[in-house]
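These notes concern the structure reproduced below.
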Amino acid sequence: MRLDVIVVTAVIALATATPGIAGDDAPYAGSWDCGVATFSFTKDTYDAGEGPMPIRKVEKQDGNYILSFDGNYQIGLSSVTQTSMQWLSMASGDAFDCKRPKP
């Protein structure tokens, strides 16, 4: 599937996500190699290499998540599995295929 089709599908899925709190259900938690950097997540924070940012809100639907931060910044995580996910910046439109680093 083409990346632009994946991005559009992810944006639509994330835009229609229902509000909720990930709580213990945060399958995106951990480190992810997203090509441009290693991104780290806990259920409460996100770190793209500049220090952890608190996650203020999580919206979830069918394995897709919108994480909201201070300053109206949002990222989308879609197709989250144990080994891969799609990362999308709502502000810039940047999208990355992320993989869990091998131990």
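Counted the way this note's numbering counts, the sequence shown spans residues 3 to 105.
Where a beta carbon is used, it is the ideal one built from N, C-alpha and C, also for glycine.
All values derive from a computational prediction rather than experimental measurement.
Note on geometry: alpha-carbon atoms of R58 and K104 lie some 29 Å from one another. Going by C-alpha positions, A28 is about 22 Å away from G73.
The shortest CA-to-CA distance from F41 to any of L90, Q63, V60 is the one to L90. S94 sits exposed, since fewer than 16 C-beta atoms from the chains shown fall within 10 Å of its C-beta. In the DSSP annotation of this structure, the continuous segment of the beta strand (DSSP E) that includes G32 starts and ends at 32-35. DSSP places G78 inside the beta strand (DSSP E), whose first and last residues are 76-80.
In the DSSP assignment, K101 is bridged to D35, S86. Of G78, S33, V38, E52, the smallest CA-CA separation from T44 is found for S33.
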